[in-house]
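Written out below as structure tokens is the structure these notes cover.
Numbering (my numbering), first residue to last: 8 to 405.
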């Protein structure tokens with residue numbers, strides 16, 4: 008046994024020396040945040056989890072818009088699970104999202120992390136499955152259907168609920184949480200568009216809706232999976248602890264709500280998005296199962312609620328901080344309303360804007376576009392490269 012000790016020690020020293028040499032050359036090629044042996048930049052990512060967007064932006068500024076990093080600096084494993092290229096360069100973004108979009112699928116890490124919440128929905132699928140949902144959604148979000156939706160869902164919610172809450176706050180001289188109101192407004196509207204069911208979270212008493220709360224909890228728990236390597240959240244899931252336990256319980260509430268909505272649409276089809284998917288077949292020509300329909304609908308709820316409400320929140324914050332922009336928006340609104348509703352200003356606010364009136368607000372649309380440029384609703388996303396990049400990065404983040 009004693010004779011083996013020098014041999015084992017020699018093997019250990021040789022292995023550590025080889026690893027140190029491999030790590031030295033690898034770390035020199037990684038231009039992003041500092042990487043440590045084995046764990047890479049993961050400790051710094053976790054330390055900045057409450058400001059992850061700012062942390063990534065700081066790293067991008069320091070590296071000229073593109074950098075490489077790793078969260079699992081282990082030979083052989085790193086090439087398939089821990090390497091990232093992070094970029095915000097416009098040409099790179101255009102290449103990934105447009106020029107060679109087919110080369111950058113979601114990838115196994117993203118799909119695994121989001122599978123429990125999003126299933127095979129449009130945000131978590133590639134290829135034919137993604138294309139089928141994209142085409143079906145395109146039929147729903149046309150000018151004609153959006154015009155109808157604005158009249159059926161949006162205008163009524165704004166006039167009868169949002170205006171009431173804001174008027175009451177003015178009369179009582181009380182502050183309001185605009186971001187919360189926008190979340191409720193967009194949630195009610197996207198639920199109406201998606202499966203024809205208004206949860207009425209934007210009501211005068213601002214009630215807590217079990218589906219909305221569960222959906223928020225499930226989304227937050229799912230996003231936490233991206234902060235950790237796969238085996239860590241899988242251990243939590245197997246043990247039923249931490250955020251994985253919250254995710255499981257929240258999904259039970261979400262699925263119950265979605266099953267009720269699907270059953271209602273099966274019995275009484277309408278012109279909403281869910282009704283369109285009920286008529287569809289999957290890539291193999293089979294009827295789409297209920298559990299898949301649940302996830303498809305949830306993807307569109309996620310897309311329509313958070314993105315719109317975040318954009319509105321940033322927009323009003325920017326307008327309040329730029330009074331000259333606010334003045335130009337008001338002048339444009341007044342000009343359009345004078346032409347469409349006359350000189351009586353009392354009539355200007357009797358009803359929310361019609362679709363054609365909103366379409367004429369060129370400066371307002373430009374201000375919204377600038378808001379999205381400065382504060383994008385989805386500030387980062389992840390793709391997988393299907394071909395080798397510099398130092399064989401696997402995940403692409405921008």
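We put the CB at the ideal spot given by N, CA and C, even for glycine.
Three-state secondary structure assigned by DSSP to residue i
i	result
residue 199	helix
residue 46	coil
residue 149	coil
residue 385	coil
residue 288	strand
residue 391	strand
residue 183	coil
Presumed contact (8 angstroms Cβ cut-off) between residue i and residue j, rounded CB distance
i	j	result
residue 267	residue 203	In fact, because the Cβ distance is near 12 angstroms, the residues do not count as touching under 8 angstroms.
residue 388	residue 321	So it is not a contact: roughly 18 angstroms between Cβ atoms.
residue 47	residue 20	Actually they are not in contact, since the Cβ atoms of residue 47 and residue 20 sit about 23 angstroms apart, beyond 8 angstroms.
residue 52	residue 78	7 angstroms
residue 100	residue 74	About 15 angstroms separates the two Cβ atoms, so there is no contact after all.
residue 297	residue 260	Not a contact, Cβ separation roughly 16 angstroms.
residue 224	residue 124	Wrong, their Cβ atoms sit about 10 angstroms apart, outside the cutoff.
residue 381	residue 343	Actually they do not touch by this definition, with Cβ atoms about 25 angstroms apart.
residue 232	residue 120	4 angstroms
residue 359	residue 165	5 angstroms
residue 39	residue 57	Incorrect: roughly 20 angstroms between the Cβ atoms, too far for contact.
residue 251	residue 228	7 angstroms
residue 287	residue 116	About 28 angstroms; that fails the 8 angstroms criterion.
residue 102	residue 386	Between residue 386 and residue 102 the Cβ distance is about 19 angstroms, and since that is not below 8 angstroms, they are no contact.
residue 110	residue 282	Actually they are not in contact, since the Cβ atoms of residue 110 and residue 282 sit about 35 angstroms apart, beyond 8 angstroms.
Residue-level contact to chain B via CB, residue i, 7 angstroms cutoff
i	result
residue 266	You won't find chain B in this structure, because it holds only one protein chain.
Span of the beta strand (DSSP E), counted from its first residue to its last, around residue i
i	result
residue 94	90-94
residue 75	73-77
Limits of the unbroken alpha helix (DSSP H) element including residue i
i	result
residue 279	That residue, residue 279, is in no alpha helix (DSSP H); it is neither H nor E in DSSP.
residue 217	217-231
residue 115	115-125
residue 307	297-328
residue 356	No alpha helix (DSSP H) holds residue 356; DSSP gives it neither H nor E.
residue 246	237-246
residue 249	249-274
residue 101	97-101
residue 57	No alpha helix (DSSP H) holds residue 57; DSSP gives it neither H nor E.
Neighbour-count burial assignment, residue i, 16 or more Cβ in a 10 Å radius
i	result
residue 277	exposed
residue 108	exposed
residue 194	buried
residue 76	buried
residue 313	buried
residue 98	exposed
residue 106	exposed
residue 242	exposed
residue 32	exposed
residue 264	buried
residue 16	exposed
residue 423	Nothing can be reported for residue 423, as the shown portion of the chain is limited to 8 through 405.
residue 429	Nothing about residue 429 can be read from this structure; the chain reaches only from 8 to 405.
residue 275	exposed
residue 25	exposed
residue 294	exposed
residue 68	exposed
residue 156	buried
residue 22	exposed
residue 113	buried
residue 129	buried
residue 341	exposed
residue 18	exposed
residue 291	exposed
Proximity test, residue i beta-carbon vs the ligand MG heavy atom, cut-off 6 angstroms
i	result
residue 307	As for the ligand MG, it is missing from this structure, which has no ligand bound.
>> With a threshold of 8 angstroms, are at least 3 pairs of Cβ atoms found where one atom belongs to the stretch 164-182 and the other to the stretch 337-354?
In response: Between the stretch 164-182 and the stretch 337-354, the count of C-beta pairs closer than 8 angstroms stays below three; the two stretches do not touch.
> Is the stretch 144-155 touching the stretch 178-191 in the sense that three or more CB pairs, one from each, lie closer than 8 angstroms?
Replying inline: Put simply, the stretch 178-191 does not touch the stretch 144-155. Fewer than three CB pairs are less than 8 angstroms apart.
> Three or more C-beta pairs closer than 8 angstroms, one from the stretch 369-378 and one from the stretch 320-339: is that the case here?
Replying inline: By the Cβ criterion, the stretch 369-378 is in contact with the stretch 320-339, since at least three pairs of Cβ atoms, one from each stretch, lie closer than 8 angstroms.
> Taking one C-beta from the stretch 201-218 and one from the stretch 236-248 each time, how about it: are there three or more such pairs within less than 8 angstroms?
Replying inline: No: fewer than three Cβ pairs fall under 8 angstroms.
>> I want to know whether the stretch 296-311 touches the stretch 115-129 - three or more CB-CB distances under 8 angstroms.
In response: Because the criterion of three Cβ pairs below 8 angstroms is met, the stretch 296-311 and the stretch 115-129 touch.
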